[in-house]
Amino acid sequence: MSGNQSSPDVMVQWYRDRIAEPTTDDEVYGYWVFVFGVLLGVLGILLFLTSDVGTATTVGKAGIGLAAISLVLLMIGPVIRLPLRRTATLVSYAGGAVALIGVAGFLSAYPGWRQSGLAVPVISLYAFGLVLVAVGAALVPIVSGTRRVPEAAATGGATEPETDAVAAAEPEPDADPEAVDEPAESKARFEVFEDRGGKWRWRLRHRNGNVIADGGQGYSSRQKAEQGLESVRANAGGAPAVREEVEVETGGDPAIEPYPEGESRGTFEVYEDDAGEYRWRLIHANGNIVADGGEGYTDRSAVEDAVERVRDYVGDADYLTADPTAFDVYRDAADEWRWRLVHRNGEILADGGEGYAERTNAQDGIERVRERVGDEDAFEVFEDDAGEYRWRLVADNEEIIADGGQGFASERGARDAVKRVREHAPEADALDYADAAFEVYEDGAGEFRWRLLHENGQILGDSGQGYASRTGAVNGLQSVKRNAPNADIDDLDAADDDAEDADGQH
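Here the numbering used here is used: the first residue of the sequence shown is 18, the next is one more, and so on.
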């Protein structure tokens, strides 16, 4: 991972901490444009009221100009926030530019604009700009009609669900979903669902769980999503359209108890993917994919062993919290104990560089780093034989007690990495655990995920999807803790073989 990773935008971070998790950065910027417009309008009104309203003073003219600009910003802010078409956005931006030209004309012609005959043209230009903003925001989406996915999308393949959508919900046995044209030959079906952002989406899912195609965009209503999928139905082999409601797992206490044997609402599915590798996933009774292995196995027995390991560890697994960083103590493949400094976004900031025979030795190594990290002169930045810049932390006896574990393209990148380590290491907790533990982290796209880590550092399972908030990821792993320990195993390939054998006997 690059050492030059920029820090989060201050405005975005403030919005995330004080208001809500934004769907896009534009949502945040639109909010700030609106707020700035409000403040500018208040300032303009105050300037005008404190000026000599009977005469055309500079202060009064400035107040009128600021108030006029604020109205433009108040209208443009929501346009930036909304997920409008590019055409609508460009029309609104053009309107804003025209209105600002009108404001400039006012400042140039006032107070003698009436005598010069410029009053009506300036006001008309400003008003025309505001109308364009309104047209772009309101009328262009109406005139352009329903957004449809090109029919070519039906032949496109996607191997994973979109990270901002909840995994598709299979209907309960007693459910009565609306379906259209259910040919027996079809091995796929269309699913219409509402994602976590409140947008309606469609996808074409094979019975083995793979997503064959999806709309690639959100719709404002279920009806529009259904209209979108109709454009590809002709190429989908008559797959039925099923309306789905997404069941959301409710949160609970972290010390959750698993369901007793026979009462689990989850099922482990073992299947062979298109690459010939065996994989597993945990399916909730409502159809949601709540966990998967994240890696393929060469044979069926290996993937079944992986499922058994998850069953054994998941119920008692602790929670690891990096806030925002923590020292992770783990055992590697060579059965040696190691430590690493991990950020909550998954980035490894530092590691010990060597293995230890005992866990306590690794813990002692962390303490040595904590004691030494405050000395800036103890860090060495150097260029290696490959032309990359690296850093290391040395003790008084010149022993290397920590390093970055990676090279950087520039010396500045390495020094920035040192700065982050010096900032975070003194306050970072030690995540010391036995057997396995859950880790919730924020990925590079700003979404929250969870993974189940073995004490040797191996990832036993993960969420398979991103969540808009940390709470959503925690709720997801709690569902796994409840359902995985006593979940049955369903071999999809074996079931398909049995079905084919039965068909051959008739």
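Where is the CB? At the ideal position from N, CA and C, for every residue including glycine.
- Could you have a look at G595 and say whether DSSP puts it in helix, strand or coil? Because residue 595 is not part of the residues shown, which for the chain are 18 to 523, the question remains open.
- Please list the segments of the beta strand (DSSP E) lying wholly inside the segment 283-363, counting only runs of 3 or more residues, in order along the chain. 283-289, 295-301, 306-309, 335-337, 342-348, 354-360
- Residue of G310, R357, N473 minimising C-alpha distance to I418: R357
- Is DSSP giving A490 helix, strand or coil here? helix
- Would you check if the distance between the CB atom of G119 and the CB atom of L90 is smaller than 8 Å? no
- Query: Taking DSSP as the reference, what is the three-state secondary structure of A485?
  - Reply: coil
- Message: When you compare the segment 449-464 with the segment 345-365, are there three or more beta-carbon pairs, one atom per stretch, that lie closer than 8 Å?
- Response: yes
- Item | Member of F465, N503, N500, T342 whose CA lies at the smallest distance from the CA of R487 | F465
- Message: Using 8 Å for Cβ pairs, my map puts W354 next to A334. What's the rounded Cβ distance?
- Response: Actually they do not touch by this definition, with Cβ atoms about 19 Å apart.
- Item | Between the CA atoms of V320 and K498 - distance to the nearest angstrom | 19 Å
- Query: For the alpha helix (DSSP H) that G535 lies in, which residues bound it at each end?
  - Reply: The structure shown does not extend to residue 535, since the chain is modelled only from 18 through 523, so no value can be given for it.
- Message: Can you tell me which residues form a DSSP beta bridge with I365?
- Response: V359
- Whole-Å CB distance - I62 paired with G80, under 8 Å assumed: 7 Å
- If R317 and V287 are in contact, beta carbons under 8 Å, what's the gap, nearest whole angstrom? 7 Å
- Message: Assuming L66 and S87 are in contact, meaning their beta carbons sit under 8 Å apart, how far apart are those beta carbons, in whole angstroms?
- Response: Not really, about 15 Å apart at Cβ, beyond 8 Å.
- Item | From G146, G232, D291, I300, residue whose alpha carbon lies closest to that of D507 | I300
- Message: Please state the DSSP three-state secondary structure of D401.
- Response: coil
- Query: Should Q490 and H471 be called a contact, given that it needs their Cβ atoms to be closer than 8 Å?
  - Reply: Sequence check: residue 490 is Ala here, not Gln. In this structure, H471 does not lie closer than 8 Å to A490 by Cβ.
- Task: Could you have a look at V411 and say whether DSSP puts it in helix, strand or coil?
- Result: strand
- Task: Pick out whichever of W49, A242, Y110, W297 has its Cα sitting closest to the Cα of K216.
- Result: A242
- Message: What does the alpha-carbon distance come out to for the pair K436 and D392?
- Response: 12 Å
- How is the beta strand (DSSP E) around G134 delimited, first residue to last? Where G134 is concerned, there is no enclosing beta strand (DSSP E), given that its DSSP letter is neither H nor E.
- Task: Pull up the distance between the alpha-carbon of R102 and that of F210, whole angstroms please.
- Result: 22 Å
- Item | Anticipated Cβ contact below 8 Å, R439 with V398, distance rounded | Not confirmed; about 13 Å, so no contact.
- On the three-state DSSP scale, how would you describe E456? strand
- Query: By how many angstroms is the C-alpha of D402 removed from the C-alpha of Y32?
  - Reply: 44 Å
- Message: Taking the beta carbon of L156 as the centre, do at least 16 other beta carbons fall within 10 Å, making it buried, or is it exposed?
- Response: exposed
- Task: Please determine, among G122, R385, D433, the residue with the shortest C-alpha to C-alpha distance to Y406.
- Result: D433
- Message: So A116 and G82 are supposed to be a Cβ contact under 8 Å. How far apart are they, rounded?
- Response: Not quite, the Cβ-Cβ distance comes to about 12 Å (not below 8 Å), so this is no contact.
- Item | Distance, E280 Cα to E247 Cα | 39 Å
- Query: If you check the beta carbons only, do V45 and V29 fall under 8 Å apart?
  - Reply: yes
- Item | Other residues of its chain near D420: CB distance less than 6 Å, five sequence neighbours each side excluded | G370, R409
- Hey, could you find the ends of the beta strand (DSSP E) A419 is sitting in? 417-420
- Tell me where the beta strand (DSSP E) around I36 begins and ends. Here I36 belongs to no beta strand (DSSP E), and DSSP marks it neither H nor E.
- For P526, is the classification buried or exposed, using 16 other Cβ atoms within 10 angstroms of its Cβ as the cut-off for buried? The structure shown does not extend to residue 526, since the chain is modelled only from 18 to 523, so the question has no answer here.
- Buried or exposed for G153, please, with buried defined as at least 16 other CB atoms from any protein chain shown within 10 angstroms of its CB. buried
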